[in-house]
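Number of protein chains: 2
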Amino acid sequence: MGGLSSADTIRLLLAITLMLGFGRLLGELFRKFKQAAVVGEIIAGIILGPTILGLLFPELQQWIFPVEGPVSIAINSLVALSIIFLLLVVGLEVDLGIVLQQGKAALSIGLIGMIVPFIFGASFAYLLPDVLFFEMGDKLIFSLFVGTALAISALPIIARTLMDLNLFKSKTGMTIMAAAMFNDLVGWIAFSVILGLVGAESHGLSIEWTISLTIIFTIFMLFFGRKLIHQILPWINSTFSWPGGIISFMMVLALIGAIITEKIGVHSIFGAFIIGVAIGDSVHLTEKTKEIIHQFITNIFAPLFFVSIGLKVNFIQAFDPLAVIIVVVLGFAGKVIGCGLGAKLMGFKLKDSLAVGFAMNARGVLEIVLGIIALEFGLIGEEFFVAIIILVLLSSVLSSPLVSYFAKESRSYSILELLLPKNIYFSSAETKDQVIRELVKLVCKKEQIDEPKLLEAVLKREEQMTTGIANHLAIPHAKFDVAKPVCAVAINKNGVDFDAPDKLPAKIIFLLITPTDKNELQLQLLSEIAVKFRNKEFAEDLLNVSKPDEFLMKIKQLNS
Amino acid sequence: MGGLSSADTIRLLLAITLMLGFGRLLGELFRKFKQAAVVGEIIAGIILGPTILGLLFPELQQWIFPVEGPVSIAINSLVALSIIFLLLVVGLEVDLGIVLQQGKAALSIGLIGMIVPFIFGASFAYLLPDVLFFEMGDKLIFSLFVGTALAISALPIIARTLMDLNLFKSKTGMTIMAAAMFNDLVGWIAFSVILGLVGAESHGLSIEWTISLTIIFTIFMLFFGRKLIHQILPWINSTFSWPGGIISFMMVLALIGAIITEKIGVHSIFGAFIIGVAIGDSVHLTEKTKEIIHQFITNIFAPLFFVSIGLKVNFIQAFDPLAVIIVVVLGFAGKVIGCGLGAKLMGFKLKDSLAVGFAMNARGVLEIVLGIIALEFGLIGEEFFVAIIILVLLSSVLSSPLVSYFAKESRSYSILELLLPKNIYFSSAETKDQVIRELVKLVCKKEQIDEPKLLEAVLKREEQMTTGIANHLAIPHAKFDVAKPVCAVAINKNGVDFDAPDKLPAKIIFLLITPTDKNELQLQLLSEIAVKFRNKEFAEDLLNVSKPDEFLMKIKQLNS
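Right under this line is the structure:
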């Protein structure tokens, strides 16, 4: 191909394989523990970078991930492309419509939630710049940056936390989402202005021009451009191959946006982000198209970027405890107080306000990108960069448990998170009674519940009315003294009579135990299971599985 | 990010935007004319490359697409990655199961279809090497390469041609597909051996080792590796996020395969291809996963590669008429005679045998990749490379019309290819008679058919029995003296009574005219329309469209 020798090609492929493979692996591992995948991916980078691998095997590390030469150029440009595509996807998630709908509450949380941490950060940086390793340049710009860095939230992580906790579609959830989108949008525009202040000269444009052009570009894309795109999309959908045409169109548009903003002097990714926002809420963008772009970019490009962060900096060398503590404390306090206050003012209860605050406290993609660019521009030093990354990691990791704690009362569960392979088994029981006993035994062994008492509760409920539903499904259930719901499944290919209305024998039997005080939760889970079995074909298909894993997989796929 | 300056980043983004945007645009344009998109993409590259843009604006061309420096390295490594991913997708399409099922016929066509063009090419090259610009090195290896280059078919283009002509699921179609897969597999193994012969030394392995290791890798992956992958996939599906986990797994595997074969000395893409074949036919690879990978790679990565071909070589300077004529004639003759013979021996009719021959004659991805690698290795000169690319373009372009001509009698149509925006309109007719008259008028104006006669035929059919189906659908139809089927659609939101069994008024009325001698075709198209309207919801949803484009889009999406 020219450019790269065979030996260099091997190094490049090796580097990408390690970044993608190891990054995704740790990402998935963190997901298992209900953490954002990005946390795992960043840690994978720290392990592969100078901090760990470089400490243990410096030569090997330098050979795979060189800091100069063709392999380095190839990796860096691939990473640069990855961020552009990633920001397109982040932009796609911002739904201007929702921001406007949620109106006042979102505005109040978003705005106060930005102003407070901004003031915290900016004033600290202005008063004590040396503590944050301010080295040279304009102190005012540095302070503005520190403020902005602490004020930006992470839409994707917030969305994931809300989904994991089943809060996404609640009113609180929608308000948080809208506030976060508003936050992203305003935060980024502010950041692009700061970049204009610093970087403009190097692009041959005056500061005034850079800022004016940035604002013109943003306003044009979010109003006229957005309308224009929404008009063009149906034509593209019907004229070109589908969904290939629209996928290419979106990527090309993101690249054009990137070129424009890079040329203006505010980094390429800002353009990709704005293009994403402009396309995102079009009704002509089908779920399928979104999913293809989303899946490919978040699973292939995004990990390359997140892993690359750890490759750039030695996190041990550049670790300064004081700077880290200050950034973390200011970041947490500013965001939680700001957003919490915004929510409280809008009439939220104290606990819910704190849940909103900790949800909005999560940092992620945008924060990191912002840090990387600031590092490149020489606006901040490595020590402050490391502090930002630690703020990102800590705030993301703590977001889910803290939100879960404060929103405990509104916390709900999905049947998918309750189903575990160890609680699914193949039964050859011949009677209803027998299968219920098996199921009760299984959950009591695994969950340390008093077996005779539970059995009594389940059988008592069964006596009142049969729990055979239809389409070979039965859901014996009971309320019991458990901390969270428990579920187990028996797959019985011969079927046992559950006296179902359609007279079909039950072949898939769910046992569902829910906490005594949660009436609604029981109903919700029961109906969630029942809805999945609307089709008899689906139930029959499920009977063909030979392993618990396969059973789970089929249920998962039906869901998506 | 280091590596690229802001100015270089702009150039890189500009280059990628042009390659992707212009490539995809011409690709879609060629698709409109029932050609393979790859043809348009290659032509886009020739226009952007030294041949056209470089002739008109040499400085601009050199600025955007430099031949050295960081931007060149970045583009080249991105292209290198693109081919690896593309070959993964090509490999995924090879279904070992089908190859074995179709057995004898596929084997006969595939094998004779390789041997004949191979002998044609290899013997010509050995006897008259100078005509094909043989310069230096081993004449035997050169001859083996020329033979192999002429013997490889293009699975994706063949598949597309068959789908376009609705021959894909016919027996002939399946046989052709199986033969093409067999051809790909054997052709590539042969080529990798040739590469081993040339390139081995530069990798520090002896020729014997390179060839042995290649064969071991291939056999291992296609038997043990394939089984192992099929066992691991369900675990990945259920343990990791879905489909993100499996997508990353596949890409990482392809990269590992690429590293192994590059290290062995037979180019990275061979490994990616074999990995694709090994994963491709797993039942645990759902359509959705395949589609995400397929769509993203063919619409983003593949165009980058195809466009890059034109950037490498000046097609006018390196154009040698004699070499082109010889390569094209030998290529066509060898393939059509070989495959046709193979088909004839298996009892196919003469015309069908020729259809098989011209279908298998299509060249594409693999041929080009093979040419590029040979050029890189210094095995062939630019003149022969250009001749190969022209063989690819000509054989792909001619494949569809020639197969269509010879398979005319088995040619069928899909309702999707008959529906054109100009034949869809919004009607406000109030009676059945009125709407039929409108429809007949529309098709006669557009297709130059005798209006009164057609109207008579349609009304006569209507008298025998109503064509109101159900769910607001009616399909008045008639056989008539037309060369190919004609279809028009009236969307009537108020509905007209068509005396349908479910008593619902017809709101979507298809007029379907088919050639007089094609009974089966009429039935097939009628049922194809009816099947689409099995759901009343779908019909009702269709009524919400405000433009013919949207109507088509919804029908298209239902299909996929």
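If you're matching them up, the sequences are chains A and B in order.
Residues are numbered in my numbering as their position in the first sequence, beginning at 1, plus a constant of 4.
Residues are numbered in my numbering as their position in the second sequence, beginning at 1, plus a constant of 4.
Note that CB positions come from ideal geometry on N, CA and C, so glycine has one too.
Bridge-paired residues (DSSP) for lysine 483 (chain A): A:Thr518
Interface residues of the stretch 219-246 of chain B facing chain A [CB-CB below 9 Å]: Pro238, Trp239, Asn241, Ser242, Thr243, Phe244, Ser245 and Trp246
Spatial neighbours of leucine 92 (chain A) in its chain, beta-carbon cut-off 6 Å, leaving aside the 5 residues before and after: Ala258, Ala276 and Gly280
Burial state of serine 550 (chain B), where buried means 16 or more other Cβ atoms lie within 10 Å: exposed
Contact set for leucine 237 (chain A): own chain, Cβ-Cβ below 6 Å, skip 5 residues either direction: Ser286 and His288
Selection from B:Gln321, B:Lys436 and B:Val486 that minimises the alpha carbon distance to glutamine 452 (chain B): B:Val486
For threonine 21 (chain A), the nearest candidate out of B:Leu458, B:Gly261, B:Phe221 and B:Ile240 (CA to CA): B:Gly261
Paired residues, beta bridge with phenylalanine 4 (chain B) - DSSP: The first residue shown for chain B is 5 and the last is 564, placing residue 4 (chain B) beyond what the model contains.
Bridge-paired residues (DSSP) for valine 490 (chain B): B:Ile517
Reference serine 157 (chain A); option with closest CA among A:Leu397, A:Phe323 and A:Leu8: A:Leu397
Helix, strand or coil at leucine 383 (chain A) [DSSP, three-state]: coil
Residue from A:Thr152, A:Thr176, A:Ile211 and A:Ser210 whose Cα sits closest to the Cα of asparagine 187 (chain A): A:Thr152
Proximal residues of chain B, C-beta to C-beta of leucine 24 (chain A) below 8 Å: Ser252, Met255, Val256 and Leu259
Backbone secondary structure at lysine 353 (chain A) - three-state DSSP: coil
Closer than 8 Å at the beta carbon, the chain B residues around leucine 556 (chain A): Ser242
Contacts that glutamate 455 (chain B) makes with chain A (C-beta to C-beta distance below 9 Å): Here the premise fails: no neighbours, minimum Cβ distance about 29 Å.
C-alpha gap between arginine 15 (chain A) and threonine 265 (chain B), whole angstroms: 13 Å
Cutoff 8 Å: aspartate 553 (chain B) Cβ touching any chain A Cβ: yes
Nonlocal neighbours in the same chain, by C-beta distance under 6 Å from leucine 96 (chain B), ignoring five residues either side: Gly280 and Gly284
Min CB distance lysine 483 (chain A) to chain D below 8 Å: The question asks about chain D, but that chain is absent: this structure's protein chains are A and B.
Cut-off 7 Å between Cβ atoms - residues of its own chain near phenylalanine 319 (chain A), not counting five sequence neighbours on either side: Ile50, Thr55 and Val390
Cutoff 8 Å: glycine 6 (chain A) Cβ touching any chain B Cβ: Bear in mind that a pLDDT of 46 at glycine 6 (chain A), under 50, signals an unreliable position, so the number given afterwards is only what the model happens to contain. It does; some Cβ of chain B falls within 8 Å.
For lysine 348 (chain A), the three-state DSSP class (helix, strand or coil): helix
Contact set for leucine 546 (chain B): own chain, Cβ-Cβ below 7 Å, skip 5 residues either direction: Ile512, Phe555 and Lys558
Simplified DSSP state of isoleucine 453 (chain A), which is helix, strand or coil: coil
Interface positions of the stretch 43-74 of chain B facing chain A (Cβ-Cβ less than 7 Å), listed along the chain: Pro74
Three-pair Cβ contact test at 8 Å for the stretch 80-91 of chain A versus the stretch 73-88 of chain B: yes
Pairwise C-alpha distance: glutamine 65 (chain B) and lysine 316 (chain B): 12 Å
The stretch 467-478 of chain A / the stretch 508-524 of chain A touching (three or more Cβ pairs under 8 Å): yes
Glycine 361 (chain A) in three-state terms, based on DSSP: helix
Neighbourhood of serine 403 (chain B) by C-beta distance below 7 Å, restricted to the same chain and skipping five residues each side: Ile161, Thr165, Phe362, Ala363, Asn365 and Ala366
Lysine 536 (chain B), buried or exposed, once every other Cβ within 10 Å from all chains shown has been counted against 16: buried
Helix, strand or coil at alanine 391 (chain A) according to DSSP, with G and I counted as helix: helix
Beta-carbon neighbours of phenylalanine 300 (chain A), restricted to chain B and to distances below 9 Å: Ile251, Ile296, Ile297, Gln299, Phe300, Ile301 and Ile304
Element boundaries [beta strand (DSSP E), containing alanine 474 (chain B)]: 472-474
Given isoleucine 145 (chain A) as reference, the closest of A:Ile384, A:Gly177, A:Phe221 and A:Gly58 once Cα atoms are compared: A:Ile384
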